[in-house]
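Chains as they are written, first to last, in the UniProt record's numbering: chain Y, 1 to 549; chain R, 1 to 549.
Everything below concerns the one structure shown next.
2 protein chains.
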Amino acid sequence: MTTNPSPQLWLYDTTLRDGTQREGLSVSIEDKLRIARRLDQLGIPFIEGGWPGANPKDVQFFWQLQEDPLKQAEIVAFCSTRRPNMTAADEPMLQAILAAGTRWVTIFGKSWDLHVTAGLKTTLEENLAMIGDTIEYLRSQGRRVIYDAEHWFDGYKHNQDYALQTLETAIAAGAEWLVLCDTNGGTLPHEVSQIVQDVVRVTGDWGLETRKNSSQSPIPKIGIHTHNDSEMAVANAIAAVMAGANMVQGTINGYGERCGNANLCSLIPNLQLKLGYSCIREDQLTQLTEASRFVSEVVNLAPDEHAPFVGRSAFAHKGGIHVSAVERNPLTYEHIQPEQVGNRRRIVISEQSGLSNVLAKARTFGIELDQQKAEARQILQRLKDLESEGFQFEAAEASFVLLMHEALGGRQQFFEIKGFQVHCDLIEGKETSNALATVKVAVDGKNILEAAEGNGPVAALDAALRKALVNFYPQIATFELTDYKVRILNGHTGTAAKTRVLVESGNGHQRWTTVGVSTNILEASYQAVVEGLEYGLLLHCQAESALKA
Amino acid sequence: MTTNPSPQLWLYDTTLRDGTQREGLSVSIEDKLRIARRLDQLGIPFIEGGWPGANPKDVQFFWQLQEDPLKQAEIVAFCSTRRPNMTAADEPMLQAILAAGTRWVTIFGKSWDLHVTAGLKTTLEENLAMIGDTIEYLRSQGRRVIYDAEHWFDGYKHNQDYALQTLETAIAAGAEWLVLCDTNGGTLPHEVSQIVQDVVRVTGDWGLETRKNSSQSPIPKIGIHTHNDSEMAVANAIAAVMAGANMVQGTINGYGERCGNANLCSLIPNLQLKLGYSCIREDQLTQLTEASRFVSEVVNLAPDEHAPFVGRSAFAHKGGIHVSAVERNPLTYEHIQPEQVGNRRRIVISEQSGLSNVLAKARTFGIELDQQKAEARQILQRLKDLESEGFQFEAAEASFVLLMHEALGGRQQFFEIKGFQVHCDLIEGKETSNALATVKVAVDGKNILEAAEGNGPVAALDAALRKALVNFYPQIATFELTDYKVRILNGHTGTAAKTRVLVESGNGHQRWTTVGVSTNILEASYQAVVEGLEYGLLLHCQAESALKA
Numbered sequence: 001m002t003t004n005p006s007p008q009l010w011l012y013d014t015t016l017r018d019g020t021q022r023e024g025l026s027v028s029i030e031d032k033l034r035i036a037r038r039l040d041q042l043g044i045p046f047i048e049g050g051w052p053g054a055n056p057k058d059v060q061f062f063w064q065l066q067e068d069p070l071k072q073a074e075i076v077a078f079c080s081t082r083r084p085n086m087t088a089a090d091e092p093m094l095q096a097i098l099a100a101g102t103r104w105v106t107i108f109g110k111s112w113d114l115h116v117t118a119g120l121k122t123t124l125e126e127n128l129a130m131i132g133d134t135i136e137y138l139r140s141q142g143r144r145v146i147y148d149a150e151h152w153f154d155g156y157k158h159n160q161d162y163a164l165q166t167l168e169t170a171i172a173a174g175a176e177w178l179v180l181c182d183t184n185g186g187t188l189p190h191e192v193s194q195i196v197q198d199v200v201r202v203t204g205d206w207g208l209e210t211r212k213n214s215s216q217s218p219i220p221k222i223g224i225h226t227h228n229d230s231e232m233a234v235a236n237a238i239a240a241v242m243a244g245a246n247m248v249q250g251t252i253n254g255y256g257e258r259c260g261n262a263n264l265c266s267l268i269p270n271l272q273l274k275l276g277y278s279c280i281r282e283d284q285l286t287q288l289t290e291a292s293r294f295v296s297e298v299v300n301l302a303p304d305e306h307a308p309f310v311g312r313s314a315f316a317h318k319g320g321i322h323v324s325a326v327e328r329n330p331l332t333y334e335h336i337q338p339e340q341v342g343n344r345r346r347i348v349i350s351e352q353s354g355l356s357n358v359l360a361k362a363r364t365f366g367i368e369l370d371q372q373k374a375e376a377r378q379i380l381q382r383l384k385d386l387e388s389e390g391f392q393f394e395a396a397e398a399s400f401v402l403l404m405h406e407a408l409g410g411r412q413q414f415f416e417i418k419g420f421q422v423h424c425d426l427i428e429g430k431e432t433s434n435a436l437a438t439v440k441v442a443v444d445g446k447n448i449l450e451a452a453e454g455n456g457p458v459a460a461l462d463a464a465l466r467k468a469l470v471n472f473y474p475q476i477a478t479f480e481l482t483d484y485k486v487r488i489l490n491g492h493t494g495t496a497a498k499t500r501v502l503v504e505s506g507n508g509h510q511r512w513t514t515v516g517v518s519t520n521i522l523e524a525s526y527q528a529v530v531e532g533l534e535y536g537l538l539l540h541c542q543a544e545s546a547l548k549a
Numbered sequence: 001m002t003t004n005p006s007p008q009l010w011l012y013d014t015t016l017r018d019g020t021q022r023e024g025l026s027v028s029i030e031d032k033l034r035i036a037r038r039l040d041q042l043g044i045p046f047i048e049g050g051w052p053g054a055n056p057k058d059v060q061f062f063w064q065l066q067e068d069p070l071k072q073a074e075i076v077a078f079c080s081t082r083r084p085n086m087t088a089a090d091e092p093m094l095q096a097i098l099a100a101g102t103r104w105v106t107i108f109g110k111s112w113d114l115h116v117t118a119g120l121k122t123t124l125e126e127n128l129a130m131i132g133d134t135i136e137y138l139r140s141q142g143r144r145v146i147y148d149a150e151h152w153f154d155g156y157k158h159n160q161d162y163a164l165q166t167l168e169t170a171i172a173a174g175a176e177w178l179v180l181c182d183t184n185g186g187t188l189p190h191e192v193s194q195i196v197q198d199v200v201r202v203t204g205d206w207g208l209e210t211r212k213n214s215s216q217s218p219i220p221k222i223g224i225h226t227h228n229d230s231e232m233a234v235a236n237a238i239a240a241v242m243a244g245a246n247m248v249q250g251t252i253n254g255y256g257e258r259c260g261n262a263n264l265c266s267l268i269p270n271l272q273l274k275l276g277y278s279c280i281r282e283d284q285l286t287q288l289t290e291a292s293r294f295v296s297e298v299v300n301l302a303p304d305e306h307a308p309f310v311g312r313s314a315f316a317h318k319g320g321i322h323v324s325a326v327e328r329n330p331l332t333y334e335h336i337q338p339e340q341v342g343n344r345r346r347i348v349i350s351e352q353s354g355l356s357n358v359l360a361k362a363r364t365f366g367i368e369l370d371q372q373k374a375e376a377r378q379i380l381q382r383l384k385d386l387e388s389e390g391f392q393f394e395a396a397e398a399s400f401v402l403l404m405h406e407a408l409g410g411r412q413q414f415f416e417i418k419g420f421q422v423h424c425d426l427i428e429g430k431e432t433s434n435a436l437a438t439v440k441v442a443v444d445g446k447n448i449l450e451a452a453e454g455n456g457p458v459a460a461l462d463a464a465l466r467k468a469l470v471n472f473y474p475q476i477a478t479f480e481l482t483d484y485k486v487r488i489l490n491g492h493t494g495t496a497a498k499t500r501v502l503v504e505s506g507n508g509h510q511r512w513t514t515v516g517v518s519t520n521i522l523e524a525s526y527q528a529v530v531e532g533l534e535y536g537l538l539l540h541c542q543a544e545s546a547l548k549a
């Protein structure tokens with residue numbers, strides 16, 4: 001090696017175990033397998049898969065991975081120490097963790113004396129025995145052991161001597177990593193920093209002694225596991241690493257119980273791009289944004305658009321001053337290059353937009369507006385008017401393009417809607433009920449009347465409209481609705497509230513989003529569906545003209 | 001004073017200015033006034049109201065506050081320094097900020113040489129003159145000045161001497177606070193800590209010299225303004241305070257451009273409960289959760305349920321082990337007492353729930369389940385089955401109670417739905433279109449057929465149902481739908497996706513939430529609306545029985 005290597009850190013993902021404790025999150029076995037394989041691709045070396053003793057879903061998950069293992073990552077099974085007053089070999093949870101068939105296991109034990117006496121209702125000595133026995137037993141069965149010291153920071157502040165005894169017991173029994181957990185998430189970075197420094201120093205001394213006595217136990221390595229209850233999970237993990245920890249536990253998107261775990265999507269770029277640690281390869285880092293969205297999609301939670309590094313808004317520029325400056329020199333308003341984490345810069349159109357935003361945005365769609373002419377100001381005004389009615393074009397760029405074409409007098413009329421009817425019958429006890437839609441459309445002066453059914457009113461509207469138009473525009477057969485989002489704008493007037501619908505459509509190559517707003521959810525959906533078809537036809541025309549040109 | 005007073009910190013809220021830069025957030029003047037008054041009640045001493053020179057909405061906002069001022073807080077107008085090559089008196093933006101009529105103004109200027117030469121395209125000397133002239137002019141007009149040093153940390157790292165010159169100029173011109181801004185949000189806490197220590201030391205020396213020369217300028221105070229692009233906004237603000245800063249800028253719920261600003265809802269409890277600083281009164285701190293939700297409601301954004309301290313999940317306990325432990329001793333799993341910030345502990349029902357959660361939850365609704373009997377396990381099983389279909393009871397506790405009553409054989413049948421029909425006509429060009437619903441209901445063996453219109457299909461369904469039932473149950477007249485939420489469960493099958501509807505209902509005293517799931521949005525809505533009425537009737541019955549007993 002001629003270059004000086006970056007210090008190595010081990011990432012440990014617990015999305016599939018601690019992450020699934022998040023309120024509102026639930027996953028199938030298939031979901032868990034898809035996420036595990038994605039994390040493997042991302043280069044995460046340790047992936048905690050679940051607690052096979054506590055959850056039948058997790059048992060199956062590990063079996064499936066035995067049949068079709070991950071490529072690079074170590075999959076880790078998680079479990080507590082044995083219960084009080086029994087042997088480790090008699091503990092069914094430990095049999096379950098052995099049956100998971102992983103090389104590595106993570107065992108969590110109590111560090112805080114209060115938890116031992118008030119929670120487990122046993123003696124401090126028995127708790128040490130539980131830690132030691134469990135780890136020794138798993139080692140005797142050929143497993144490598146990571147020890148999670150639960151409530152470490154609270155325990156250490158409460159009874160430092162006892163807390164350190166639990167670590168010493170874990171090392172003596174053969175644990176290779178000691179992971180310090182801020183389980184309640186209440187610790188602040190300056191405390192984490194101080195306590196991790198203490199532990200690194202103390203365990204360093206033990207390590208040297210242990211090595212003299214036994215060739216089996218290497219010097220233990222220190223990990224950090226933090227929660228976000230004080231909005232400090234990422235800061236605490238970084239503080240621990242700077243104090244000597246070399247394993248970092250966290251979850252994708254910071255999912256986890258209560259306020260979540262340390263967010264790997266923020267930790268990895270901070271550690272790697274700002275502090276120079278080596279975690280994953282550069283090309284893997286460029287997959288981070290995609291991995292974040294993949295996981296949020298699989299667990300079926302809306303992605304946090306404002307998430308650091310990977311959020312849709314993370315490199316979005318809204319204020320007029322920022323936009324002109326960032327176009328001149330990105331460094332002035334961006335702390336990293338968005339491409340390093342697979343994200344991209346966006347110029348946002350909104351009520352607050354200055355004229356420079358509108359011009360910049362139009363340019364990204366190939367429309368050159370003249371700042372001096374009235375059209376640009378008209379577009380800005382129209383935008384502000386519609387937004388005050390509840391429309392939002394930040395996410396509905398296709399509707400924004402149609403609006404620009406209209407202002408410039410160039411909006412092509414592919415079809416004209418004459419009317420729509422929707423009828424829906426709901427009968428108690430029937431599993432699902434179909435909706436019927438009738439649509440009247442004029443194309444080239446001809447009126448077409450069509451009807452279609454769907455398993456909901458919006459699906460029926462969409463089907464009727466396509467049926468009416470496909471004879472005139474065969475390319476409509478390749479269009480599909482890929483996403484459909486509903487937002488109630490002013491919730492506190494109940495069902496009379498205004499509804500904003502965003503529809504994402506695709507044609508196999510491209511995707512685009514359109515918006516509709518109404519107090520009637522069907523009308524809002526219809527507006528967005530109609531503009532989605534119109535924009536698809538516009539793209540098709542542009543592609544044809546480009547071929548001819 | 002007999003007790004040792006806590007060190008005083010000044011909070012500075014910029015929700016109404018920097019916060020509104022958040023993508024997706026827009027506010028009316030009325031919204032801004034409501035938020036300002038709420039922040040005043042909360043005890044925030046400085047409230048930045050907007051940039052009157054850049055935004056006509058902000059001009060009006062300040063005029064309205066001149067007529068009806070805040071009780072305690074200083075409302076602050078925000079503006080940049082004058083532009084290059086003009087006098088401060090000729091700068092229209094500064095005339096606008098004076099017209100705002102506030103005692104305090106915040107002026108931001110450039111600290112980073114790159115921004116001066118590449119952004120403003122002027123000389124480093126002219127930038128110093130812009131800072132000095134602007135502040136001197138505002139002082140001459142009787143204003144007190146806070147100076148925001150934009151891009152401070154990047155500027156200081158780039159060209160330390162020049163950055164310090166900008167601060168020195170601001171002090172000499174009469175600024176009373178120097179606020180160090182991490183505008184791009186890329187700085188890490190150890191850097192913030194070091195740089196703030198430097199600034200505190202250097203400006204401390206200047207302060208002493210300045211005092212000798214002039215009685216006008218007191219020792220400047222140092223503020224911190226951070227952004228969350230590295231997920232470090234709160235940690236950075238705390239690091240700055242521990243290094244000597246005594247003003248903290250932030251926003252409610254961390255709203256702000258890109259990834260947001262420092263979140264005051266996390267900063268205040270960390271500073272006050274954990275570090276012993278004095279920010280707001282204890283009784284004001286107990287309003288924090290309510291203030292957070294109030295602001296999210298006014299700006300019409302869904303509250304972050306996982307937000308530290310103030311989120312609905314912040315003190316929620318899901319895992320079976322946690323629940324039994326926290327019931328024994330809250331300290332074991334809670335870093336602060338939820339009541340200190342006006343939040344509360346919750347036991348969560350979900351797919352992962354153990355039996356102990358179900359029992360604990362049932363108890364909070366006055367239902368005593370016997371752990372040994374089959375019902376408890378049946379409820380748990382039914383819960384898991386429904387959740388795998390897409391139902392979610394974490395937020396729909398009223399539906400959960402009905403489910404428990406059903407399992408126990410005690411679900412009262414107030415009415416039986418025989419059928420529903422919805423018809424909706426959409427005509428292009430008409431502003432809104434009415435929906436018509438017909439409903440057939442049986443009560444006490446009698447069939448009732450009713451029809452009603454609404455400005456959307458769900459409103460029509462709801463109206464028809466009430467019309468049919470109100471003669472039998474007059475208390476229905478007091479019920480109202482207070483919130484209606486739609487979530488598309490598997491977005492990527494377009495309009496055929498499954499829809500989950502949450503309906504919140506109220507009777508003037510209580511509120512409750514019910515859930516419905518279907519591929520047909522009307523059916524899902526109908527399920528939730530029907531259960532909302534049923535639960536309201538159940539509450540009424542229980543209240544009547546309690547009166548009789």
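Ideal Cβ positions, reconstructed from N, Cα and C, are used throughout, including at glycine.
Selection from the options that minimises the alpha carbon distance to residue i
| i | options | result |
| --- | --- | --- |
| residue 17/Y | 199/Y, 256/Y, 540/Y, 226/Y | 256/Y |
| residue 225/R | 481/R, 152/R, 274/R | 152/R |
| residue 541/R | 396/R, 473/R, 483/R, 514/R | 473/R |
| residue 487/R | 254/R, 123/R, 302/R | 302/R |
| residue 525/R | 479/R, 86/R, 457/R | 457/R |
| residue 506/Y | 537/Y, 517/Y, 519/Y | 537/Y |
Range of the contiguous alpha helix (DSSP H) that encloses residue i
| i | result |
| --- | --- |
| residue 541/R | 521-548 |
| residue 38/R | 29-42 |
| residue 232/R | Premise fails: residue 232/R is in no alpha helix (DSSP H) and is neither H nor E. |
| residue 79/Y | Element bounds for residue 79/Y: not the alpha helix (DSSP H) but the beta strand (DSSP E), 74-80. |
| residue 404/Y | 397-407 |
| residue 357/R | 355-364 |
Contacting residues, own chain, Cβ-Cβ under 7 angstroms from residue i (five flanking each side not counted)
| i | result |
| --- | --- |
| residue 137/R | 88, 89, 94 |
| residue 6/Y | 276, 277, 278 |
| residue 492/Y | Any reading at residue 492/Y needs caution, since the residue's pLDDT is 43, under 50, leaving its predicted position unreliable; the model's value is listed next. Counting only Cβ-Cβ distances below 7 angstroms, and skipping sequence neighbours, we find nothing. |
Residue i Cβ short of 8 angstroms to the ligand ADP heavy atom set
| i | result |
| --- | --- |
| residue 526/Y | This structure does not include the ligand ADP; it has no bound ligands of any sort. |
Beta-carbon proximity of residue i to residue j, cut-off 9 angstroms
| i | j | result |
| --- | --- | --- |
| residue 532/Y | residue 469/Y | no |
| residue 426/R | residue 523/Y | yes |
| residue 625/Y | residue 46/Y | Because chain Y is modelled from 1 through 549, residue 625/Y falls outside the range shown and cannot be assessed. |
Contact set for residue i: own chain, Cβ-Cβ below 8 angstroms, skip 5 residues either direction
| i | result |
| --- | --- |
| residue 8/Y | 246, 277, 278 |
Boundaries (first-last residue) of the beta strand (DSSP E) holding residue i
| i | result |
| --- | --- |
| residue 373/Y | Element bounds for residue 373/Y: n/a, residue is neither H nor E. |
| residue 250/R | 247-250 |
Please list the segments of the alpha helix (DSSP H) lying wholly inside the segment 143-208 of chain Y, counting only runs of 4 or more residues, in order along the chain. 152-158, 160-172
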